[in-house]
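Sequence lines, in order, name chains A and B.
Per our numbering: the first sequence = residues 327 to 620.
Per our numbering: the second sequence = residues 649 to 955.
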Amino acid sequence: MSILRKQIGDFTRLRYKRRKALSLWMTFVLGLAAVAASASLLAVFSYVVLRGAPELTLSFFMNLPKPVGEPGGGMLNAFVGSLLMVLLASAIGIPWGIATGMYLSEYGRGRFAFCVRFCAEMLSSVPSIVIGLFVYVLIVKPMQRFSGIAGAFALTLIMVPLIARNTEELLKLVPQHIREAGLALGVPRWKVTLWIVLRGSLSGVMTGVILGIARISGETAPLLFTALNNRFLSLAPDQPMASLPVQIYTYAISPFEDWNRQAWSGAFVLILFVFVLNIMTRAIFKPGLGRVRD
Amino acid sequence: MIKTPKRKDVRRADRIFFWSLRVLAGLVILALVSMGLFLFDASELAIHKTGFFSFVLSSDWDPVRDVYGALPVIYGTFVSSLLSLAIAFPLSVGIALFLNEIAPANLARVVGFLIEMLAAIPSVIFGLWGIFVLVPWLRVHVQPFFIQKLGFLPVFQGPAYGVGMFSAGLILSLMILPTISSLAREVFAAIPRTQRESALALGATRWEMIKIAVLKSSKGGLFAAMMLGLGRALGETMAVTMVIGNRAQIVSSLFAPAQTMASVVANEYAEATSDIHLSALALVGFLLFAVTFITSGLARVLIGRVK
Chain A
327 MSILRKQIGD
337 FTRLRYKRRK
347 ALSLWMTFVL
357 GLAAVAASAS
367 LLAVFSYVVL
377 RGAPELTLSF
387 FMNLPKPVGE
397 PGGGMLNAFV
407 GSLLMVLLAS
417 AIGIPWGIAT
427 GMYLSEYGRG
437 RFAFCVRFCA
447 EMLSSVPSIV
457 IGLFVYVLIV
467 KPMQRFSGIA
477 GAFALTLIMV
487 PLIARNTEEL
497 LKLVPQHIRE
507 AGLALGVPRW
517 KVTLWIVLRG
527 SLSGVMTGVI
537 LGIARISGET
547 APLLFTALNN
557 RFLSLAPDQP
567 MASLPVQIYT
577 YAISPFEDWN
587 RQAWSGAFVL
597 ILFVFVLNIM
607 TRAIFKPGLG
617 RVRD
Chain B
649 MIKTPKRKDV
659 RRADRIFFWS
669 LRVLAGLVIL
679 ALVSMGLFLF
689 DASELAIHKT
699 GFFSFVLSSD
709 WDPVRDVYGA
719 LPVIYGTFVS
729 SLLSLAIAFP
739 LSVGIALFLN
749 EIAPANLARV
759 VGFLIEMLAA
769 IPSVIFGLWG
779 IFVLVPWLRV
789 HVQPFFIQKL
799 GFLPVFQGPA
809 YGVGMFSAGL
819 ILSLMILPTI
829 SSLAREVFAA
839 IPRTQRESAL
849 ALGATRWEMI
859 KIAVLKSSKG
869 GLFAAMMLGL
879 GRALGETMAV
889 TMVIGNRAQI
899 VSSLFAPAQT
909 MASVVANEYA
919 EATSDIHLSA
929 LALVGFLLFA
939 VTFITSGLAR
949 VLIGRVK
């Protein structure tokens, strides 16, 4: 009897040991997954820094591209073009996105609002290349010309659903009694919405806006056949316009070593810009709440 | 004296405000609907010339002869996306479990931040890194190893080009990993604490607790996360275009160059000259639109139900 009990005890202990070991092993495996993901970020980032930073000179920012073989070419056209298109897209996209978000949170109960919400979600998951195709058919083809406006509009379409969803989520966090307090004081509803509800969650809304800007600054696919590219410095929005991501792409797939090097420098500037914007949003808003997911 | 506005004026101002918001919100619907319509309209010529089904089922894509069959690019899109999902999904779930269930809060914050930064890297930079770092490394070190050891399998045959389906799948998996893992973290976080504690109180080890209390009750949410990741992978363009080799063909080997729906549009649209070519590419775009619409729509419905 006692022998049997001892055997059972041994067996349980052995099994417990094995279960414990498995648990430890799985902890290790799960940790490994996290390490792998972190390592791949560091691998990409460190390569961009190592290859891009040393080549970065002032002339890279100040000069236009030069013919292959001539030293000292830069990406001024791309920087200016990207800046212009992102500004133009923001000028349309930010008010549009915030207004849509406000509508959804303040008046968004009916079937129409449901449709808007659904379409915004779907729009944010449409591949950016398809948005480029759409803008080509909508703007480039009738205008018979690639243009900065078309590029900016494609970027706007990417930006709007992001900002709208973020704004909606944040405004919904504002407690109902705050709106009621405003209305009870006789403040008109539009003023309550703008000056109390929106104002109160401005830091969060700005987070969404900044993330939206970061997102469109790196977009390449929707610009490929809307804004195309431009070797010269062009400020005309109805002409083809260069942009940093497209320039990086063109230089990356080119066979010339000098251009490849410049692609890395451009990538360094772009990644730095995007990261700084992302980190900035953490400074103005506490993480975890209402961040744009994708 | 303060002038109080008339009640009528307030009403009118409110109405104007409401309607301007409503119109702007309605433009979002218009944008999505017209996107579908315009793309369909633009692809009419290709449908008319080749017929929808022979377009989708023919495997000959040759712009030089003006022959367009979309099967190779559809095949490329699905294989590269599924490959990336096969890599990224277990990895992302692992990360999410590690960050939510195991890691101390400080470590979780740092790693979570790194993964969020991974999501912020523009696609073209992944592509650049892919061309100059990943592809050469795969060609010299990884692919020959696979070909030597597992060359009897049809998926690992042929020469090691470097560029191809395998590289594309690998890069894609890095890009969809943050999407899946952040959603998986949300799903896990929604599970009540007591459920975990009950499992532990019954004597479960940590891994058993994760299996019983966490994974089992988050199947639906994880499936939704997977669909969302798939939706992203299907439409990802630049990085794939830069490393997939851009050859519209159906071959069993993962190491051979291929082409996806997104990459064929990115590659050929700006240079397409014939109307039928443009139209065929628009049809590919329309199909891509439809496919991602269905995948993401399904994912959103599932997420809505889980929440």
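For glycine and all other residues, C-beta sits at the position ideal for the given N, C-alpha and C.
Fair warning: this is a prediction, and the values are worked out from it, not measured in the lab.
Chain A contact for residue i (CB, 9 Å cutoff)
{"i": "Ala849/B", "result": "no"}
{"i": "Thr885/B", "result": "yes"}
{"i": "Ser728/B", "result": "no"}
{"i": "Trp777/B", "result": "yes"}
{"i": "Val788/B", "result": "no"}
{"i": "Ser740/B", "result": "yes"}
{"i": "Ala753/B", "result": "no"}
{"i": "Leu733/B", "result": "no"}
{"i": "Val676/B", "result": "yes"}
{"i": "Ile860/B", "result": "no"}
{"i": "Met890/B", "result": "yes"}
{"i": "Arg953/B", "result": "no"}
{"i": "Ala910/B", "result": "yes"}
{"i": "Arg880/B", "result": "yes"}
One or two residues paired with residue i in a DSSP bridge
{"i": "Trp709/B", "result": "Tyr716/B"}
{"i": "Gly893/B", "result": "Ala906/B"}
Inter-residue spacing [alpha-carbon to alpha-carbon] between residue i and residue j
{"i": "Phe761/B", "j": "Leu878/B", "result": "23 Å"}
{"i": "Val618/A", "j": "Leu822/B", "result": "Low confidence applies here, because Val618/A scores a pLDDT of 40, under 50, leaving its location unreliable; read the following figure in that light. Computed Cα separation, rounded: 19 Å."}
{"i": "Ala718/B", "j": "Asn894/B", "result": "14 Å"}
{"i": "Ala852/B", "j": "Leu350/A", "result": "13 Å"}
{"i": "Gln333/A", "j": "Met857/B", "result": "27 Å"}
{"i": "Pro784/B", "j": "Val888/B", "result": "16 Å"}
{"i": "Ser707/B", "j": "Tyr716/B", "result": "8 Å"}
{"i": "Leu348/A", "j": "Trp855/B", "result": "8 Å"}
{"i": "Ser944/B", "j": "Phe780/B", "result": "32 Å"}
{"i": "Thr353/A", "j": "Val500/A", "result": "40 Å"}
{"i": "Leu570/A", "j": "Ala540/A", "result": "13 Å"}
{"i": "Asp657/B", "j": "Gly434/A", "result": "24 Å"}
{"i": "Ala808/B", "j": "Gln791/B", "result": "6 Å"}
{"i": "Ala756/B", "j": "Ala832/B", "result": "14 Å"}
{"i": "Phe686/B", "j": "Phe746/B", "result": "45 Å"}
{"i": "Ser527/A", "j": "Leu497/A", "result": "7 Å"}
{"i": "Gly544/A", "j": "Arg341/A", "result": "54 Å"}
{"i": "Asn492/A", "j": "Gly806/B", "result": "48 Å"}
{"i": "Ser372/A", "j": "Phe594/A", "result": "10 Å"}
{"i": "Leu537/A", "j": "Thr607/A", "result": "7 Å"}
{"i": "Asp710/B", "j": "Val891/B", "result": "21 Å"}
Limits of the alpha helix (DSSP H) - the one that residue i falls within
{"i": "Gln333/A", "result": "Ser328 to Gly378"}
{"i": "Arg663/B", "result": "Arg655 to Ala690"}
{"i": "Val954/B", "result": "Asp923 to Val954"}
{"i": "Pro792/B", "result": "Gln791 to Leu798"}
{"i": "Leu385/A", "result": "As written in the sequence, residue 385/A is Ser, which differs from the Leu given in the question. That run of the alpha helix (DSSP H) goes Leu384 to Met388."}
{"i": "Leu509/A", "result": "Gln502 to Ala510"}
Min CB distance residue i to chain B below 9 Å
{"i": "Ile539/A", "result": "no"}
{"i": "Pro380/A", "result": "no"}
{"i": "Glu396/A", "result": "no"}
{"i": "Pro391/A", "result": "no"}
{"i": "Arg619/A", "result": "Since pLDDT at Arg619/A reaches only 40, below the 50 mark, its modelled position is unreliable, and the value read off the structure follows with that caveat. Yes, Arg619/A lies at the interface with chain B (some Cβ there is under 9 Å from its Cβ)."}
{"i": "Leu340/A", "result": "no"}
{"i": "Glu432/A", "result": "yes"}
{"i": "Asn492/A", "result": "no"}
{"i": "Trp585/A", "result": "no"}
{"i": "Glu506/A", "result": "no"}
{"i": "Met388/A", "result": "no"}
{"i": "Thr546/A", "result": "yes"}
Neighbour flag for residue i against chain D, beta carbons, 9 Å
{"i": "Met485/A", "result": "The chain inventory of the structure shown lacks chain D, comprising the protein chains A and B."}
> Can you list the alpha helix (DSSP H) stretches of 4 or more residues lying completely in the segment 523-605 of chain A, in chain order?
Replying inline: DSSP runs (the alpha helix (DSSP H)) wholly in the segment 523-605 of chain A: 528-543 and 570-578.
> At which residue ranges does the segment 725-789 of chain B contain complete alpha helix (DSSP H) runs of 4 or more residues, listed in the order of the chain?
Replying inline: You should have 753-768 and 771-777.
>> If we require 4 or more residues per run, which alpha helix (DSSP H) segments fall completely within the segment 427-486 of chain A?
In response: Within the segment 427-486 of chain A, the runs of alpha helix (DSSP H) that reach at least 4 residues and sit entirely inside it are, in chain order, 437-451 and 454-461.
>> Ignoring anything shorter than 4 residues, give me the alpha helix (DSSP H) runs that lie fully in the segment 820-893 of chain B, in order along the chain.
In response: Counting only runs of 4 or more, we get 841-849, 854-857, 867-883 and 886-891.
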